[in-house]
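Residue numbers (our numbering): 13 to 293.
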């Protein structure tokens with residue numbers, strides 16, 4: 013009987029040991045699996061952080077690149093808009109033609125203002141000491157050396173009348189060269205010498221009180237126009253010049269094209285002619 017009890021006890025202890033060993037193995041397996049999961053989770057988290065950091069870095073780099081490019085474009089745009097006064101005049105009135113500023117006064121720096129009211133465009137030219145922006149306020153109180161106008165009338169007939177063509181072939185004949193004959197008349201303290209070239213009537217006025225002679229200047233004009241070409245008036249054109257330089261309104265060159273009259277004035281008669289010739293080129 014004792015043998016059976018001892019045998020049963022031994023079997024019971026052996027079973028208990030095996031169960032203990034199995035629990036220990038299961039616990040170890042679970043701990044290992046848990047550690048593996050934690051490790052994997054940590055790796056995923058680390059990869060996400062790395063990816064996020066990389067994305068942030070790329071975003072920062074892209075943003076910096078865009079900012080640099082934007083700054084570069086702005087600088088380029090500003091440099092593209094660096095215009096001279098004459099270039100800005102043309103940009104403001106792209107459908108108009110203007111005299112070459114180099115013809116207005118030889119070797120002088122020119123400032124420009126322009127305004128248009130009730131169909132009359134007026135462009136004033138000034139002598140300045142340095143390059144001056146278009147329509148600069150510093151020019152407001154100065155007297156222009158020259159002016160260009162474009163005026164539109166209600167009809168062709170009104171435009172022709174506004175040119176004020178003046179030609180008198182009844183005076184003393186004067187040979188001006190190049191087969192051109194001028195006609196000289198005197199009155200009101202002045203001597204007038206007039207002639208025609210194409211649709212243009214040309215007149216030179218001399219001051220008798222200053223004992224001026226219109227002939228030499230008239231011959232100079234004829235000689236110049238032999239090698240230079242004025243704009244072609246549609247019907248009429250008038251050139252009125254003075255021997256002595258005076259204010260810019262003293263010398264006037266006007267011509268008609270349909271309902272528009274174009275007028276150039278300059279304190280120097282020859283420079284006024286050069287302005288007109290520059291518009292025919």
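No residue lacks a Cβ here, since even glycine has one placed at the ideal position from N, Cα and C. Predicted model, so just to flag it, every value in this text is computed and none were measured.
Legend entry - Selection from 280, 128, 211, 125 that minimises the alpha carbon distance to residue 241: The sequence position of residue 241 within the chain shown is 229, counting from 1. Looking at the Cα atoms, 211 is the closest of the given residues.
Legend entry - Local Cβ density within 10 Å of residue 236, reported as buried at 16 or more and exposed below that: Taking the chain shown and counting its residues from 1, the one referred to as residue 236 is at position 224. Looking at its Cβ environment, which holds fewer than 16 other Cβ atoms inside 10 Å, residue 236 is exposed.
Legend entry - Where residue 136 sits in the DSSP three-state scheme: Reading the chain shown from its first residue, position 124 is the one you call residue 136. Look at residue 136 here: in three-state DSSP terms it is strand.
Inset, instruction - Pull up the distance between the alpha-carbon of residue 232 and that of residue 216, whole angstroms please. - result: Within the chain shown, the letter at position 220 stands for residue 232. Within the chain shown, the letter at position 204 stands for residue 216. Here the alpha carbons of residue 216 and residue 232 stand approximately 11 Å from one another.
Inset, instruction - Would you kindly check if the distance between the Cβ of residue 201 and the Cβ of residue 219 is under 8 Å? - result: Your numbering for residue 219 matches position 207 in the chain shown. Your numbering for residue 201 matches position 189 in the chain shown. Yes, they are a contact pair.
Legend entry - Residue from 279, 283, 288 with nearest C-alpha to residue 157: For the purposes of this step, residue 157 is identified with residue 145 of the chain shown, where counting begins at 1. Per the Cα distances, 279.
Inset, instruction - Measure the CB-CB distance between residue 164 and residue 250 and report whether it falls below 8 Å. - result: Mapped onto the chain shown, residue 164 falls at position 152. Mapped onto the chain shown, residue 250 falls at position 238. In terms of Cβ geometry, residue 164 and residue 250 do not form a close pair [threshold 8 Å].
Inset, instruction - Mind reading off the beta-carbon distance from residue 268 to residue 135? Whole number of angstroms is fine, and I expect it under 8 Å. - result: Numbered from its first residue, the chain shown carries residue 268 at position 256. Numbered from its first residue, the chain shown carries residue 135 at position 123. The pair is not a contact, with the Cβ atoms about 19 Å apart (cut-off 8 Å).
Legend entry - Cα-Cα separation, residue 253 to residue 266: Reading the chain shown from its first residue, position 241 is the one you call residue 253. Reading the chain shown from its first residue, position 254 is the one you call residue 266. Going by C-alpha positions, residue 253 is about 12 Å away from residue 266.
Inset, instruction - Write down every uninterrupted run of the beta strand (DSSP E) in the stretch 184-255 whose length is 3 residues or greater and which is fully enclosed by it, in chain order. - result: If we require 3 residues or more, the beta strand (DSSP E) runs fully inside the stretch 184-255 come out as 184-187, 193-199, 202-209, 212-219, 249-254.
Inset, instruction - Go to residue 123, then tell me how far its beta strand (DSSP E) extends in each direction, as first and last residue. - result: Sequence index remark: in the chain shown, residue 123 carries index 111 (1-based). Run containing residue 123: 121-129, per the beta strand (DSSP E) assignment.
Inset, instruction - Please state whether DSSP places residue 268 in a helix, a strand or coil. - result: On the chain shown, position 256 is the one that residue 268 refers to. Correct three-state label for residue 268: strand.
Inset, instruction - Find the nearest neighbour of residue 122 within the set 145, 213, 275, 244, judged by alpha-carbon distance. - result: Locating residue 122 in the chain shown gives position 110, where the first residue counts as 1. When each option's Cα is compared against that of residue 122, the closest is 145.
Legend entry - C-alpha gap between residue 125 and residue 137, whole angstroms: Here residue 125 refers to the residue found at position 113 of the chain shown. Here residue 137 refers to the residue found at position 125 of the chain shown. One alpha carbon belongs to residue 125, the other to residue 137, and they sit about 7 Å apart.
Inset, instruction - Please decide whether residue 210 counts as near chain C, where near means a Cβ-Cβ distance under 8 Å. - result: Protein chain content of the structure displayed is limited to a single chain, and chain C is not contained in it.
Legend entry - Beta-bridge partners of residue 276, as assigned by DSSP: Start at 1 with the first residue of the chain shown, and residue 276 comes out as number 264. Under DSSP, the beta-bridge partners assigned to residue 276 are 160, 265.
Legend entry - Nearest neighbour of residue 222, chosen from 257, 159, 168, 179 [CA to CA]: As a first step, residue 222 must be located in the chain shown, where it is residue number 210. Checking every option, the nearest Cα to that of residue 222 belongs to 257.
Inset, instruction - Could you tell me the distance, in whole angstroms, from the CA atom of residue 104 to the CA atom of residue 131? - result: Residue 104 sits at position 92 when you count from the first residue of the chain shown. Residue 131 sits at position 119 when you count from the first residue of the chain shown. C-alpha of residue 104 to C-alpha of residue 131: approximately 15 Å in a straight line.
Legend entry - CA nearest to the CA of residue 155, picked from 162, 166, 140: Locating residue 155 in the chain shown gives position 143, counting from the first residue. Answer by Cα proximity: 140.
Legend entry - For residue 98, the nearest candidate out of 197, 113, 229 (CA to CA): For the purposes of this step, residue 98 is identified with residue 86 of the chain shown, where counting begins at 1. Out of 197, 113, 229, the CA that lies nearest to the CA of residue 98 is found in 113.
Inset, instruction - Take residue 230 and list the residues in its own chain whose beta-carbon comes closer than 7 Å to its own, dropping the five residues that flank it on each side. - result: Looking up residue 230 in the chain shown gives position 218. The answer, listed in chain order, is 188, 194, 205, 216.
Inset, instruction - Assign residue 290 to one of three DSSP states: helix, strand, or coil. - result: For the purposes of this step, residue 290 is taken as the residue at position 278 of the chain shown. DSSP places residue 290 in helix when its eight states are reduced to three.
Inset, instruction - Could you pull out every residue in the same chain whose Cβ sits closer than 6 Å to the Cβ of residue 128, ignoring the five residues on either side in sequence? - result: To locate residue 128, count along the chain shown from 1; it is residue 116. If we look at residue 128 and ignore the five residues flanking it on each side, it has no Cβ neighbours.
Inset, instruction - Assign residue 228 to buried or exposed, taking buried as 16 or more other Cβ atoms, counted over all protein chains shown, within 10 Å of its Cβ. - result: Here the question's residue 228 lines up with position 216 in the chain shown. Classified as exposed, residue 228 has fewer than 16 neighbouring CB atoms from the shown chains inside 10 Å of its CB.
Inset, instruction - Quick one: using the 10 Å Cβ neighbour count with 16 as the cut-off for buried, is residue 59 buried or exposed? - result: Indexing the chain shown from 1 puts residue 59 at position 47. Annotation note: pLDDT 42 at residue 59 (below 50); position unreliable, coordinate value reported separately. Exposed is the call here.
Legend entry - Spatial distance of residue 226 from residue 198 (CA atoms): One-based indexing of the chain shown puts residue 226 at position 214. One-based indexing of the chain shown puts residue 198 at position 186. Cα to Cα, residue 226 sits roughly 11 Å from residue 198.
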